[in-house]
Every structure is written in C-alpha cells, then in structure tokens.
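Novice:
Structural data, given as structure tokens:
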C-alpha cells in the first residue's frame, strides 16, 4: 500500500511537472507568437509609413510638375501676347508710313500738275504776245521761224525743269 501511494505520488508529481512544462512551453509559444505579431505589426506600420511617405512625395512631385506646367503656359501666353502686340504695332506703323507716303506722293503730284499748268499757261500767253508782236513788226516767214525756235527752247526748258523735280 505504501509503495502504491508513493508511486501514485510520484506519478502525480510527474504529471504536475509535465503540466508545468507544458504550461511553460505554451507560455513560451504565446510569447513567441506575441513577439511575431508585434514584429509583423511593426513591419506593417513601417510599410504603411513608407507608402504614405512615397505617396506624399509623389503628390508633391505632381504638384510641382503642375505648377511648372502652369508657369510655362503663363509664360508662353505672355510671350504670345507680347508678339501679337508687337506685330499689331508694326502693322500700325507700316500703315501710317504708307499713308504718309501716299499723302506726300499725292501732294507732290498735285504740286507738279499745278506747276505744269502754270508753265503751259505762261507759254501760251507768251506765244500769243509774240505772235501779236510778230504780226505787227516783221514779215511773216522770218517771224514764224524765230517764234518756232523760241517755242522749242521754252518747251525743252520746261521738260528739264519737270525732270529735276522728279
């Protein structure tokens, strides 16, 4: 009986020990699991942070690009406007110059015409006077010849004068 009891006690002790060992093992396993979980969580957090950072960087880059594009567009628009303004100014200047030239030409032509008319009138008057004088003073053939010479000389002088004006 005593031996049996002792055996039972020993068995119980063994069982207890086994249980304790099992418990310890379980605890260790749990701890390991917890550690693993923590590590995983940490890793996940890190990944998330990295992703967030990357996203932020990307967003910043995109914003910068957009800003740059906008600036470029604005600059282009300004340049185009300036070019257009310059072109308009040039066109206006050209038109004004053309108008001025036309006006000047017209004025010169009018003056030339007036001068020619005056000269013709003077010549006609002189011719008439010479003719009248010639009829009174001399024989017809001699007077006619001199008058003709005078008329030619005056005509050529008028042509030279009008050419020098041009």
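Residue numbers (UniProt numbering): 1 to 166. Every residue gets a Cβ at the ideal spot worked out from N, C-alpha and C, and that includes glycine.
#1: Return the CA-CA distance between residue 201 and residue 52, expressed in angstroms with no decimal places.
#2: Is the CB-CB distance between residue 154 and residue 126 below 9 angstroms?
#3: I'd like the ranges of any alpha helix (DSSP H) spanning at least 4 consecutive residues and lying wholly in the UniProt region "Disordered" (1-140).
#4: With a threshold of 6 angstroms on Cβ separation, who are the neighbours of residue 95 within its own chain once the five nearest residues in sequence on each side are excluded?
#5: So, using beta-carbon positions, are residue 123 and residue 151 closer together than 9 angstroms?
Specialist: Taking the coordinates as given:
#1: No information on residue 201 is available, as it lies outside the stretch 1 to 166 that the chain covers here.
#2: yes
#3: 2-137
#4: none
#5: yes
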